[in-house]
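What follows is one structure encoded as structure tokens, with my remarks underneath.
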Amino acid sequence: MYAVYFKPKQLNIFILISFNYNTNKEILKLKEIKFFKKEKVVINYQEDKKLELIQEQETPKHIIISNLIKLLNQYLSGKSLDLIEKIDELNIELDLNEKFPTPFSNSIIEIVKKLKRGEIITYSDIGNKIGSKAYRAIGNVLRNNPLPLIIPCHRVIKKSGNIGGFMGKIDQGWQQNLKKKLLAIERFKTF
DNA sequence: AGGTCATCTCACC
DNA sequence: GGTGAGATGACCT
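With our numbering as the guide, the letters of the first sequence map in order to residues 148 to 338.
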């Protein structure tokens with residue numbers, strides 16, 4: 148499995164992307180997008196998971212991934228674009244089936260996938276849509292989202308209007324601040 | 001079978 | 001505004 152990481156200009160975090168590449172089909176399969184506060188921790192994680200950091204070169208694999216990074220930078224700088232649509236055009240697939248194998252988790256992800264930039268929904272709303280009162284279980288599914296930004300789980304907030312969890316954290320931390328920033332980037336200045 | 005959760009509601013203060 | 005108990009259900013071990 149391969150990986151790249153980068154630091155967007157607008158945010159004081161590092162973003163690691165891990166993926167597989169099928170040379171025959173020329174398709175890049177996104178495995179995980181993960182946020183880090185410190186570069187040292189990114190390196191530790193990459194070594195620990197034995198991810199191969201890809202080098203700067205003009206292979207198809209590298210071109211796709213550099214386009215993806217360009218896209219994410221544009222998105223994070225406030226450009227109005229729909230990540231999930233653009234990604235489809237780049238020969239990129241999302242690897243989700245093993246993370247969300249059950250009908251319950253699947254239906255939640257389908258709903259969250261359809262959220263447009265600037266749109267928000269509550270855990271409660273999702274529960275109503277799928278006919279379940281297991282609001283905490285919905286949170287648990289989103290907690291395991293391997294592809295934040297692309298599966299826009301930051302657009303799911305609490306019914307009370309509070310921000311709700313992000314990256315497994317429910318109390319004040321840089322993770323919540325990141326969720327707020329992402330919503331602010333999408334013009335929700337109230338958070 | 002029992003514990004863990006990125007929630008909600010309702011009853012208080 | 002805030003806190004705490006109870007409901008709630010999927011998903012782990």
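Even glycine gets a Cβ: it sits at the ideal position worked out from N, Cα and C. Keep in mind the model is a prediction, meaning the values are calculated, not measured.
Residues near residue i in its chain [Cβ-Cβ closer than 8 Å; skip 5 each side]
i	result
Ile267	Arg302, Val303, Ile304, Leu330, Phe335
Local Cβ density within 10 Å of residue i, reported as buried at 16 or more and exposed below that
i	result
Lys113	Since the first residue shown for the chain is 148 and the last is 338, residue 113 is missing from the structure and cannot be characterised.
Gln157	exposed
Leu198	buried
Val188	exposed
Lys226	exposed
Gln319	exposed
Lys154	exposed
Gln323	buried
Lys326	buried
Same chain only: Cβ atoms within 6 Å of residue i, ignoring 5 sequence neighbours per side
i	result
Ser254	Ile277
Lys306	Thr269, Ser271
Residue j beta carbon less than 9 Å from that of residue i
i	j	result
Leu177	Leu294	yes
Gly308	Ile317	no
Tyr149	Ile201	yes
Glu179	Ser165	yes
Leu219	Ile332	no
Lys184	Asn159	yes
Ile239	Phe247	no
Leu163	Gln193	yes
Gly274	Lys280	yes
Ile216	Leu237	no
Leu241	Arg264	no
Phe313	Ala284	no
Sheet register partners of residue i (DSSP bridge)
i	result
Ser165	Ala150, Glu179
Lys199	In the sequence under discussion, the amino acid at residue 199 is Glu, which differs from the Lys named in the question. Paired residues: Tyr149.
Lys316	Phe313
Val288	Paired residue(s): none; Val288 is not in a bridge.
Ile304	Thr269
Cβ neighbours of residue i in the same chain (closer than 7 Å, five flanking residues each side left out)
i	result
Tyr168	Tyr149, Leu175, Lys208
Asn292	Ile298, Cys300
- Along the chain, which unbroken stretches of the beta strand (DSSP E) at least 3 residues long are found entirely within the segment 217-268? 239-241
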